[in-house]
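Student:
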Ligand code: ACO
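Residue numbers (UniProt numbering): 30 to 431.
This is the structure in structure tokens:
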């Protein structure tokens with residue numbers, strides 16, 4: 030029997046807010062979102078300006094340090110990241126322990142968690158210098174790890190990082206070069222890749238970032254915290270939506286089937302949702318989706334992919350959904366994942382790589398938030414309470430009497 034007085038008493042003592050719809054878990058100076066206006070700022074700079082005029086590593090510096098770098102600071106930062114791109118040679122064996130058909134996200138959760146077994150010095154979180162080195166290592170090595178997860182899954186040899194290439198171009202090289210193959214990274218594709226990284230760099234207290242902060246609040250090491258973030262990101266309601274979205278667009282297949290899927294998304298007895306639509310915070314167009322849509326057009330144009338049926342379905346689906354009273358009333362707009370898959374697909378990535386690419390780009394956001402949290406002198410272990418609805422105290426009955 031539930032003691033209702035106790036329930037009321039509990040509810041009076043702490044806030045009950047499942048899904049944290051209106052609870053701030055921390056204060057932060059990194060990222061600002063105005064969901065009604067569809068505005069996203071990193072350290073005050075609008076995301077569309079950063080996507081157009083800056084680049085991913087500069088945005089990394091900005092997120093980590095709070096200000097844009099001077100020319101010298103920028104060059105030093107790029108140099109440091111470039112010098113950390115290799116992973117410990119023994120980690121190759123770790124990859125080989127996985128089945129070839131493992132999802133690259135499964136591999137990444139394991140490999141990034143295992144970094145704490147290879148880079149012990151960076152686990153000394155009390156030392157700010159070690160915290161910075163851990164951040165550099167993670168930002169630098171994540172593309173190498175994601176590319177290795179991909180290469181392993183398709184049975185090709187690992188490709189080592191090339192330090193003469195930019196961050197994004199090097200990632201494309203590690204994914205698509207075959208040894209002895211004269212693979213040349215197209216600068217326009219490298220720019221599109223860099224923009225995808227920039228658009229995913231941080232997004233304040235989303236589920237994976239909150240997971241990183243909660244894990245870190247216990248004093249866990251940075252690699253363990255980021256592995257927890259990767260695991261959380263994998264879910265289809267979060268970062269896994271980019272894979273789910275492209276698969277959905279392919280399943281729809283042609284514009285004449287869109288109404289059928291719109292009706293399914295509105296049917297409360299059908300668990301189907303329009304993937305890439307809706308957001309907890311944005312009740313307007315996700316500003317990242319606008320840039321992504323433009324980028325999708327540019328990439329397909331560059332690659333000479335005209336009449337891409339998936340892009341046609343996406344554009345028509347967006348048009349129909351935005352005019353539909355259900356989506357209007359619930360303020361469901363395309364989010365960042367709606368168009369990113371189309372670009373990645375055109376570049377040659379399989380859908381299973383979409384979420385790993387999100388994870389590598391979000392690493393800087395996770396690590397900047399981790400750093401900000403550790404620098405807070407008021408830091409407490411995160412420990413939510415619950416509203417207990419179970420049985421109150423009762424006596425144990427021996428097995429033979431039940
Ligand atoms: N398709 C159809 N209906 C939807 C959708 C959708 N994509 N999203 C929300 N709704 C409906 C819900 O059914 C609910 O209806 P109700 O009020 O009649 O019950 C209402 O809109 C509110 O939805 P909630 O799930 O309560 O909103 P919440 O803020 O908890 O969820 C979320 C946000 C998870 C993103 C949701 O919109 C969703 O599942 N979208 C599809 C997955 C997706 O694209 N995820 C990526 C998010 S962005 C990112 O992580 C990078």
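Note that beta-carbon positions come from the ideal geometry of N, C-alpha and C, so glycine has one too.
Would you call the region 375 to 395 and the region 130 to 139 touching, i.e. three or more CB-CB distances under 8 Å?
Tutor: yes
Student: Quick one: residues in its chain with C-beta nearer than 7 Å to the C-beta of residue 28, no 5 flanking neighbours on either side, listed in chain order?
Tutor: Past the edges of the chain, shown from 30 to 431, lies residue 28, and the structure says nothing about it.
Student: Starting from residue 117, follow its DSSP beta bridges and name the residues at the other end.
Tutor: Reading the chain shown from its first residue, position 88 is the one you call residue 117. Beta-bridge pairing links residue 117 to no other residue.
Student: Let me know the alpha helix (DSSP H) ranges lying completely inside the region 333 to 386, each 4 residues or longer, listed in chain order.
Tutor: 338 to 352, 354 to 358 and 366 to 376
Student: Starting from the Cα of residue 271, find the closest Cα among 146, 208 and 303 and give me that residue.
Tutor: The residue given as residue 271 occupies position 242 in the chain shown. Nearest option by C-alpha distance: 303.
Student: Under the criterion of a Cβ to heavy atom distance below 8 Å, does residue 309 qualify as lining the ligand ACO?
Tutor: As a working mapping, residue 309 is identified with position 280 in the chain shown. The answer is yes for residue 309.
Student: May I ask you to check if the CB of residue 265 is nearer than 8 Å to at least one heavy atom of the ligand ACO?
Tutor: By 1-based counting over the chain shown, the position of residue 265 is 236. Yes, since a heavy atom of the ligand ACO falls inside the 8 Å radius drawn around the Cβ of residue 265.
Student: Which value, in whole angstroms, describes the spacing of the CA atoms of residue 218 and residue 326?
Tutor: Walking along the chain shown from the start, residue 218 turns up at place 189. Walking along the chain shown from the start, residue 326 turns up at place 297. So the two alpha carbons sit approximately 12 Å from each other.
Student: Is the Cβ-Cβ distance between residue 177 and residue 144 less than 9 Å?
Tutor: Your numbering for residue 177 matches position 148 in the chain shown. Your numbering for residue 144 matches position 115 in the chain shown. Against a cut-off of 9 Å, the Cβ pair of residue 144 and residue 177 comes out as no contact.
Student: Would you kindly check if the distance between the Cβ of residue 168 and the Cβ of residue 393 is under 9 Å?
Tutor: Taking the first residue of the chain shown as 1, we reach residue 393 at position 364. Taking the first residue of the chain shown as 1, we reach residue 168 at position 139. For residue 393 and residue 168, yes; Cβs fall inside 9 Å.
Student: Tell me, please, which residues DSSP counts as bridged to residue 74.
Tutor: One-based indexing of the chain shown puts residue 74 at position 45. 71.
Student: Within the continuous beta strand (DSSP E) that includes residue 62, where are the two ends?
Tutor: For this step, residue 62 is matched to residue 33 along the chain shown. Segment 60 to 63, the beta strand (DSSP E) holding residue 62.
Student: Check residue 43 in the structure and name its three-state DSSP category.
Tutor: Within the chain shown, the letter at position 14 stands for residue 43. In the structure shown, residue 43 sits in coil (DSSP, three-state: anything other than H, G, I, E or B).
Student: Taking only beta-carbon positions, decide if residue 56 is within less than 9 Å of chain B.
Tutor: The structure shown contains no chain B; it holds only a single protein chain.
Student: How about residue 201: is its Cβ closer than 8 Å to a heavy atom in the ligand ACO?
Tutor: Counting from one through the chain shown, the residue named residue 201 turns up at place 172. No, Cβ of residue 201 sits at least 8 Å from all heavy atoms of the ligand ACO.
Student: Regarding residue 268 and the ligand ACO, is the C-beta to nearest heavy atom distance less than 8 Å?
Tutor: Position 239 of the chain shown, counting from 1, holds the residue named residue 268. True, at least one ligand heavy atom lies under 8 Å from that Cβ.
Student: Please report the distance separating the alpha-carbon of residue 279 from that of residue 339.
Tutor: Residue 279 sits at position 250 when you count from the first residue of the chain shown. Residue 339 sits at position 310 when you count from the first residue of the chain shown. Answer to the nearest angstrom: the Cα atoms are 6 Å apart.
Student: Using a Cβ-based criterion (distance less than 8 Å to any ligand heavy atom), does residue 48 qualify as near the ligand ACO?
Tutor: Within the chain shown, the letter at position 19 stands for residue 48. Because some heavy atom of the ligand ACO lies under 8 Å away, the Cβ of residue 48 counts as near it: yes.
Student: Between which two residues does the alpha helix (DSSP H) carrying residue 226 extend?
Tutor: The residue labelled residue 226 in the question sits at position 197 within the chain shown. In this chain, the alpha helix (DSSP H) harbouring residue 226 covers 216 to 228.
Student: Which residues mark the beginning and the end of the alpha helix (DSSP H) in which residue 154 is found?
Tutor: Sequence index remark: in the chain shown, residue 154 carries index 125 (1-based). Here residue 154 belongs to no alpha helix (DSSP H), and DSSP marks it neither H nor E.
Student: So, residue 141 versus residue 228, is the Cβ gap smaller than 9 Å?
Tutor: Taking the first residue of the chain shown as position 1, residue 141 is located at position 112. Taking the first residue of the chain shown as position 1, residue 228 is located at position 199. No; because the gap between Cβ atoms is not below 9 Å, this pair is not in contact.
Student: Could you say which of 89, 146 and 184 lies nearest to residue 131 if we only look at CA atoms?
Tutor: Position 102 of the chain shown, counted from the first residue, corresponds to residue 131. Ranking the options by Cα distance to residue 131, first place goes to 184.
Student: Taking contact to mean 3 or more Cβ pairs, one atom from each stretch, closer than 8 Å, check whether the region 400 to 413 and the region 69 to 81 are in contact.
Tutor: No, because fewer than three Cβ pairs between the region 400 to 413 and the region 69 to 81 fall closer than 8 Å, the two stretches do not touch.
Student: If we require 4 or more residues per run, which alpha helix (DSSP H) segments fall completely within the region 283 to 307?
Tutor: Counting whole runs of 4 or more residues, the region 283 to 307 contains the alpha helix (DSSP H) stretches 287 to 295.
Student: Can you say whether residue 400 is buried or exposed, counting buried as having 16 or more other CB atoms within 10 angstroms of its CB?
Tutor: Within the chain shown, numbered from 1, the residue matching residue 400 stands at position 371. Buried.
Student: Per DSSP, what kind of secondary structure is residue 192 in: helix, strand or coil?
Tutor: Taking the chain shown and counting its residues from 1, the one referred to as residue 192 is at position 163. In this structure, residue 192 counts as coil in the three-state DSSP scheme.
Student: Exposed or buried, which one is residue 216 when buried takes at least 16 other CB atoms within 10 Å?
Tutor: Counting from one through the chain shown, the residue named residue 216 turns up at place 187. Exposed, by the Cβ-count rule.
Student: Would you kindly report the start and end of the unbroken alpha helix (DSSP H) that includes residue 319?
Tutor: Translated into positions along the chain shown, residue 319 becomes position 290. It spans 316 to 331 - the alpha helix (DSSP H) in which residue 319 sits, taken as one unbroken run.
Student: Return yes when the C-beta of residue 224 is under 8 Å from any heavy atom of the ligand ACO, and no when it is not.
Tutor: Position 195 of the chain shown, counted from the first residue, corresponds to residue 224. No, since every heavy atom of the ligand ACO falls outside the 8 Å radius drawn around the Cβ of residue 224.
Student: Evaluate residue 181 with the Cβ neighbour count: other Cβ atoms within 10 Å of its Cβ, from every protein chain shown; 16 or more gives buried, anything less gives exposed.
Tutor: Within the chain shown, residue 181 is the residue found at index 152, counting from 1. Buried.
Student: Is the region 191 to 201 in contact with the region 345 to 364, if contact means three or more CB pairs nearer than 8 Å?
Tutor: no
Student: Taking 8 Å as the line, does the beta carbon of residue 209 fall inside it for any heavy atom of the ligand ACO?
Tutor: Numbered from 1 along the chain shown, position 180 holds the residue referred to as residue 209. Not one heavy atom of the ligand ACO falls within 8 Å of the beta-carbon of residue 209.
Student: According to the neighbour-count rule (16 or more other Cβ atoms, all chains shown, within 10 Å of its Cβ), is residue 95 buried or exposed?
Tutor: Sequence index remark: in the chain shown, residue 95 carries index 66 (1-based). Classification for residue 95: exposed.
Student: Please check the pair residue 60 and residue 308, which I expect to be a contact at CB under 8 Å, by giving their CB distance rounded to whole angstroms.
Tutor: Start at 1 with the first residue of the chain shown, and residue 60 comes out as number 31. Start at 1 with the first residue of the chain shown, and residue 308 comes out as number 279. Contact between residue 60 and residue 308 does not hold, since the beta-carbon distance rounds to 14 Å and is not under 8 Å.
Student: Use the C-beta contact count for residue 73: other C-beta atoms within 10 angstroms, 16 or more gives buried, fewer gives exposed.
Tutor: Along the chain shown, read from residue 1 onward, the residue named residue 73 stands at position 44. Residue 73 is exposed by the Cβ-count criterion.
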